[in-house]
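**Student:** Let me give you the structure first, and then I'll get to my questions.
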């Protein structure tokens, strides 16, 4: 991670936007707003179909049987060699800034150009600021400048652990009395890692206000810093600088030139990105994480906190939707060195960022650093049993029985199928990328996958073959989308 994001992490419901979506494709007329979905390759739409059973068969092959290493002994064969877990959740935060399809999990074909994107599809931190203090006053303090947040950050410690004043020593999103986060983008409280990144953006913005900047000035500075993180840190980590250079050049005078042939404008949100390639991030999610060293002499207390665990929902796992457990919570004797906590963790879930951002760790060989899982056609077991809290329209905390499968990858395949995504092979050919024969990467007995591969699975398979975070197809789609959206963002750093 560059100094931009490392320094940033140390510092600290008007989403129902009206839009009439039609004609969202590179070949059709521009929709009236950017808040519509569409396709980069309209001539390939619905050229590849598969049954629900075939999708289920493919998903069933993807549960990673290898558990995360216990304690702080990281570095399993399934870990990325170079991608720390900070990027998993920065990537998720970015996704929540760009697109949000609020429709139910589809069970029949849908027209993507008729779907509204309830995010701005711009790198503008709309998920943090909403429409501003006039439109979303619930996000702001009475001065209409500061964003609300729980706790006050003091001088950060050298190892990435925050110093917090007030709120029982916990720095967290602002919350209502029941414990729900006060956000315009509820997904930013899906897990406690993501919620703390969101809170860090709030703190970063508030620091500018504390220095005397107006709302407009502080927001623009925060947006520009965020855009620097996207362009110079996250995107290179995902696709590599050589891929970026295909689509973006910066002249000697500092002027940017953008050439994204498969996405010449950002007038719609391409499903090849939102439903396909960018969902590669689901493969990066670990089953559990080393969070902090509040009790450094006691092993394993916070070394193996699961990202989702329906048996310890919002207690011994990192599921969001409620306040962070405080460092000195009740029932502190219920945790031992060898078992997971079954009540709010007494060590707290305040992230010690050195375990996510290696630059902050004086010991670069620290076994406690959380690396993302490698990009490959496998998914952590936790994502095969999602808490209903994370599924729109579900209310059962322990057992989602509504709005589709509780298996994240099955939901991905279903949405791609019903949205009409082309096969990975056809999209690879359209992009001029190497075409991996479908039969060579078909782990099932379903004949349909001998003729074509769902785009997401193809992206994961090519990344594994290339030993990269993203290969040619995934990298081309993600890079073109990021660069074109950044170019289209008002007051972008590219202008």
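Numbering (my numbering), first residue to last: 28 to 522.
Positions of the beta carbon are idealized from the N, C-alpha and C atoms, including for glycine.
What number of angstroms, rounded off, separates the C-alpha of residue 266 from the C-alpha of residue 210?
**Tutor:** In the chain shown, residue 266 corresponds to position 239, counting from 1. In the chain shown, residue 210 corresponds to position 183, counting from 1. About 31 angstroms.
**Student:** Look up residue 63 in the DSSP assignment and give the residues it is bridged to.
**Tutor:** Position 36 of the chain shown, counted from the start, is the residue given in the question as residue 63. DSSP, once it has assigned bridges, lists 143 as partnering residue 63.
**Student:** When you compare the segment 166-179 with the segment 222-241, are there three or more beta-carbon pairs, one atom per stretch, that lie closer than 8 angstroms?
**Tutor:** These segments touch.
**Student:** By the three-class DSSP mapping on this structure, what secondary structure does residue 199 have?
**Tutor:** In the chain shown, the residue the question calls residue 199 occupies position 172. Residue 199: strand per DSSP, three-state reduction.
**Student:** So what does DSSP say about residue 256, is it helix, strand or coil?
**Tutor:** For the purposes of this step, residue 256 is taken as residue 229 along the chain shown, with counting starting at 1. Residue 256 falls in the helix class under three-state DSSP.
**Student:** List the endpoints of the continuous alpha helix (DSSP H) containing residue 263.
**Tutor:** Counted from its first residue, the chain shown places residue 263 at position 236. Start and end: 262-266.
**Student:** Considering just the uninterrupted stretch of the beta strand (DSSP E) at residue 483, what are its terminal residues?
**Tutor:** To locate residue 483, count along the chain shown from 1; it is residue 456. From DSSP, residue 483 is part of no beta strand (DSSP E) but of the alpha helix (DSSP H) over 482-493.
**Student:** Contact check, residue 242 vs residue 507 under 8 angstroms by CB: the rounded distance?
**Tutor:** Residue mapping note: residue 242 aligns to position 215 of the chain shown, counting from 1. Residue mapping note: residue 507 aligns to position 480 of the chain shown, counting from 1. Contact flag wrong, Cβ pair sits at about 33 angstroms.
**Student:** In terms of residues, what are the limits of the alpha helix (DSSP H) holding residue 442?
**Tutor:** Mapped onto the chain shown, residue 442 falls at position 415. Per DSSP, residue 442 belongs to the alpha helix (DSSP H) from 435-446.
**Student:** Ignore the nearest five residues each way along the sequence and tell me which others in residue 468's own chain have a CB closer than 7 angstroms to its CB.
**Tutor:** In the chain shown, counting from the first residue as 1, residue 468 sits at position 441. Closer than 7 angstroms at the Cβ level, and outside the excluded window around residue 468, lie 480 and 488.
**Student:** Who are the Cβ neighbours of residue 283 in its own chain at under 7 angstroms, not counting the five residues just before and after it?
**Tutor:** Locating residue 283 in the chain shown gives position 256, counting from the first residue. Closer than 7 angstroms at Cβ, skipping near neighbours: 275, 277 and 521.
**Student:** Counting C-beta neighbours from all protein chains within 10 Å, is the total for residue 306 16 or more, i.e. buried, or is it exposed?
**Tutor:** Against the chain shown, residue 306 aligns to sequence position 279. Counting Cβ neighbours within 10 Å, residue 306 comes out buried, since at least 16 surround it.
**Student:** Tell me, please, whether the CB atom of residue 395 is closer than 8 angstroms to any CB atom in chain D?
**Tutor:** The structure shown contains no chain D, having only a single protein chain.
**Student:** To the nearest angstrom, how far is it from the Cα of residue 348 to the Cα of residue 459?
**Tutor:** Indexing the chain shown from 1 puts residue 348 at position 321. Indexing the chain shown from 1 puts residue 459 at position 432. Approximately 43 angstroms between the Cα atoms of the pair.
**Student:** How long is the line joining the alpha carbons of residue 256 and residue 228, rounded to whole angstroms?
**Tutor:** Mapped onto the chain shown, residue 256 falls at position 229. Mapped onto the chain shown, residue 228 falls at position 201. Residue 256 and residue 228: Cα-Cα distance of roughly 12 angstroms.
**Student:** Pop quiz: residue 529 and residue 512 are said to be a contact at Cβ under 8 angstroms. What is the actual Cβ separation, rounded to whole angstroms?
**Tutor:** Because the chain spans 28 through 522 in this model, residue 529 falls outside it and cannot be assessed.
**Student:** On the CB-based measure, 16 or more other CB atoms within 10 Å of its CB, does residue 204 come out buried or exposed?
**Tutor:** Walking along the chain shown from the start, residue 204 turns up at place 177. Counting Cβ neighbours within 10 Å, residue 204 comes out exposed, since fewer than 16 surround it.
**Student:** Any contact of the segment 436-453 with the segment 67-86, i.e. 3+ C-beta pairs under 8 angstroms?
**Tutor:** Yes: the two stretches touch, three or more of their Cβ pairs being nearer than 8 angstroms.
**Student:** For a test of the three-state rule: what should DSSP assign to residue 221, helix, strand or coil?
**Tutor:** Numbered from 1 along the chain shown, position 194 holds the residue referred to as residue 221. DSSP places residue 221 in helix when its eight states are reduced to three.
**Student:** Quick check: what's the CA-CA separation for residue 131 versus residue 120?
**Tutor:** Here the question's residue 131 lines up with position 104 in the chain shown. Here the question's residue 120 lines up with position 93 in the chain shown. When rounded, the distance between both Cα atoms is 21 angstroms.
**Student:** Could you name the residues that DSSP lists as bridge partners for residue 174?
**Tutor:** The residue labelled residue 174 in the question sits at position 147 within the chain shown. 167.
**Student:** Is it buried or exposed, residue 88, if we count other Cβ atoms within 10 angstroms and call 16 or more buried?
**Tutor:** What you label residue 88 is simply residue 61 of the chain shown in a count that begins at 1. Residue 88 comes out exposed.
**Student:** Between the Cα of residue 66 and those of 301, 434 and 245, spot the shortest distance and give me the residue it belongs to.
**Tutor:** Counted from its first residue, the chain shown places residue 66 at position 39. Ranking the options by Cα distance to residue 66, first place goes to 301.
**Student:** With a CB to CB cut of under 6 angstroms and the five nearest residues on each side skipped, what residues in its chain are close to residue 382?
**Tutor:** On the chain shown, position 355 is the one that residue 382 refers to. Excluding residues within five positions, the ones whose Cβ falls inside 6 angstroms are 317, 395, 396 and 397.
**Student:** What is the C-beta distance between residue 377 and residue 320, in whole angstroms, given that I count them as a contact (C-beta under 8 angstroms)?
**Tutor:** The residue given as residue 377 occupies position 350 in the chain shown. The residue given as residue 320 occupies position 293 in the chain shown. Not quite, the Cβ-Cβ distance comes to about 11 angstroms (not below 8 angstroms), so this is no contact.
**Student:** In the structure shown, what three-state DSSP assignment does residue 153 receive?
**Tutor:** Within the chain shown, numbered from 1, the residue matching residue 153 stands at position 126. Of the three classes helix, strand and coil, the one that applies to residue 153 here is helix, per DSSP.
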